[in-house]
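All letters in the sequence shown, in the order written, are residues 76 to 583 by our numbering. Read through the structure below, which is laid out as structure tokens, and then see the notes.
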Amino acid sequence: MYIRIIGAGVMGRGIAQWAAVAGNTVELADARPESVREACTFIEDMLDRAVAKQRMSAEAAAAACGRLIPLPTFDAPGDQVELVIEAIHEDLQSKIDLFRRLEQVLPATAVFSTNTSSLSVTRIAAGLDNPERLIGLHFFNPAPLMKIVEVIPGVHTRPGIAPELVEFVSHCGHRAVVVADSPGFLVNHSGRGLITGALALLEESVAGVETIDRIARDVLGLRMGPFELTDLTGLDVTASVITTIWSGFADSDRLRPSYLTDNRVAAGLLGRKTGRGFYDYGTDEGARPVEPVIAGDSSRPVWVTGDGSHAAELRLSLSKAGATFEDGDRASAEAIVLVPTWGTTVAAAVAAQGLPPARTLGFDPLSLATSRRVLALTPATDLAVARDAAAVLARTENVAVQNRVSLVHDTPGSVAQRLLSSIVSVAASIAERSIATPTDIDDAVTAGLGYPHGPLAWGDRIGAAQLLDLQQSLHRNTGDQRYRPTRWVTERAQLGLPLIHQRKEIAS
């Protein structure tokens with residue numbers, strides 16, 4: 076394909092490299108001619124590195140460089156241009172003006188695409204004489220490595236363009252997902268579940284930044300904790316995206332922002348680019364502080380309350396680790412009492428079962444299959460008991476390796492359950508609105524956000540019925556509409572269907 080890319084910044088040059096390597100002829104233009112020269116040099120250097128690492132041959136790199144054509148101006152005539160990819164700054168009028176100029180100099184058969192990450196494709200197209208030729212083609216940075224592209228038809232986009240671009244993107248080696256023109260599109264919208272959920276936990280002082288990030292990494296399996304990710308992206312960017320998507324969906328509670336962000340942005344605590352964010356990047360230790368060791372008596376007896384599967388699994392794990400635990404109907408006066416919580420609180424269990432407040436702690440069942448255990452403390456918990464409980468739960472079958480233990484304040488569902496519920500709920504609401512298909516949602520999120528599982532498949536690993544029980548409990552015990560179960564999850568749990576199951580379309 077013969078492509079013209081306009082905008083030679085980080086995103087534009089990445090797309091140019093990706094397209095040229097895939098065998099396309101690529102014209103590259105920018106308002107600053109020197110940016111085009113710098114971009115071509117950068118691409119050549121990147122391909123040289125690929126050759127040095129034996130990821131491509133010298134001949135293939137030379138051929139790709141030969142397919143790069145620097146243009147002196149973006150609106151040069153070009154009868155051979157089949158596709159335009161615009162990657163300039165995020166300003167509605169600037170994009171409209173650019174495409175209006177291109178309408179005058181490029182053939183009517185050329186497809187126009189915008190790499191916008193936040194603006195409505197339909198609103199950009201509305202400024203053109205022929206809105207049918209414009210579509211969204213949203214890449215992620217770095218474009219050659221992030222193997223996902225959102226294809227976003229506007230209201231007036233000609234029907235045949237989307238499937239053509241899906242085929243083009245696939246031919247070039249990336250996964251294309253078709254997404255409705257909606258606030259945040261798919262990946263950015265889906266990512267709000269983790270970030271807003273983490274900010275809500277921080278707002279409520281359930282745990283500190285470091286603890287929430289450790290639980291997100293070790294229990295949920297994320298590559299980065301939500302606050303590490305925000306520092307990398309920039310809090311100013313993250314806060315703007317949160318607000319834009321929230322307001323775009325009529326102030327949906329599920330996407331509600333936090334009051335914490337505005338003051339931090341005003342204070343310049345934006346993350347890595349300012350040296351300080353949720354973490355301090357001016358220290359030698361880097362962003363992740365050293366985790367303190369919790370010292371306690373690992374020989375203290377433990378009594379686990381409950382007769383469900385979570386309690387049975389915890390008893391089995393403690394037994395295998397050689398912990399001393401009690402099997403009677405009630406705990407002895409010395410025993411630590413552990414309550415597996417699922418969308419519920421330790422305090423409620425203490426009240427309902429007459430448990431000793433000072434010696435009772437909550438345990439998050441999601442953490443049982445991981446190397447990190449999560450314990451919840453109430454205001455009545457004896458801290459010495461908490462330290463002993465941490466020491467007991469640090470024990471493993473392999474005496475040379477200990478589990479890590481995080482202490483958090485009592486809240487319905489603890490940290491990991493609330494984060495996971497939020498992640499799945501936002502994805503389910505995207506499916507519910509037909510913004511994208513369930514398979515495309517999962518594929519785009521795993522590729523674009525690096526989650527260990529697609530959010531709907533993640534929910535299926537828990538089980539639709541059990542996930543619905545969690546969300547109902549969170550909603551009931553917090554009173555927060557953020558945790559209100561979606562119709563998507565509710566129906567599938569009631570029907571015994573997986574969350575990834577696509578609903579049948581009804582002919583109109």
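We treat Cβ as the ideally placed atom computed from N, Cα and C, and that holds for glycine. The structure displayed is predicted, hence computed values, not measured ones.
The beta carbons of A466 and G371 sit closer together than 8 Å. Excluding the 5 residues flanking it on each side, E401 has same chain C-beta neighbours closer than 8 Å at P376, V377, W378, S407 and A410, in chain order. Using a Cβ distance threshold of 8 Å, F260 and E207 do not count as a contacting pair. E580 and D154 have their C-alpha atoms spaced approximately 41 Å apart. With a cut-off of 8 Å on Cβ pairs, the region 508-515 is not in contact with the region 475-489, counting fewer than three such pairs. Scanning the region 310-389 from its first residue to its last, the whole alpha helix (DSSP H) runs of 4-plus residues come out as 310-323 and 335-341. Taking each of S373, V499, A532 and G403 in turn and checking the Cα distance to A459, the smallest one comes out for S373. Under the criterion of beta carbons closer than 8 Å, D204 and E178 qualify as touching, at roughly 6 Å. In the DSSP assignment, the residues bridged to P145 are L103.
Among the bridge pairs identified by DSSP, V467 is matched with none.
Rounded to whole angstroms, the gap between the alpha carbons of M299 and Y334 is 23 Å.
P228 is bridged by DSSP to I210. When the Cα atoms are used, V281 and R470 turn out to be separated by approximately 25 Å. By the CB criterion at 8 Å, T435 and V449 fall outside the cutoff. Counting other Cβ atoms within 10 Å of its Cβ, R79 reaches 16 or more and is therefore classed as buried. Here P258 is not bridged, per DSSP, to any residue.
Look at the beta carbons and you see the region 243-257 not touching the region 301-311: under three pairs across the two are nearer than 8 Å. For R292, the closest C-alpha among the options Q428, S446, V244 and S110 is that of S446.
In this structure, H213 is the residue among E113, R351, L277 and H213 with its C-alpha nearest to the C-alpha of I160. The three-state secondary structure of L413, taken from DSSP, is strand. For T189, the enclosing beta strand (DSSP E) has its first and last residue at V186 to T189. Between G235 and T197 the beta-carbon gap is near 18 Å, outside 8 Å, which marks them as no contact.
Annotation: N190 to F353 spans about 30 Å, alpha carbon to alpha carbon.
Here DSSP, grouped into helix, strand and coil, assigns F400 to strand.
Here DSSP, grouped into helix, strand and coil, assigns H484 to strand. Inclusion of N99 and R130 in the CB contact set at 8 Å is not warranted, their separation being larger than that value. Scanning L495, A255 and A433 for the CA closest to the CA of S442 turns up L495. Linking R329 to G266 through their CA atoms gives a straight-line distance of about 12 Å. Spanning the alpha carbons of Y77 and S322 requires a straight line of approximately 38 Å.
Inclusion of T232 and I210 in the CB contact set at 8 Å is warranted, their separation being smaller than that value. With a 10 Å radius around the Cβ and a threshold of 16 neighbouring Cβ atoms, P152 comes out exposed. Contact between R462 and E366 is absent: CB atoms are separated by about 15 Å, not below the 8 Å threshold.
The beta carbon of E102 sits closer than 6 Å to the beta carbons of R79, I144 and L146 from its chain, once the five residues preceding and following it are set aside; these are given in chain order.
Note on geometry: alpha-carbon atoms of I498 and P530 lie some 6 Å from one another.
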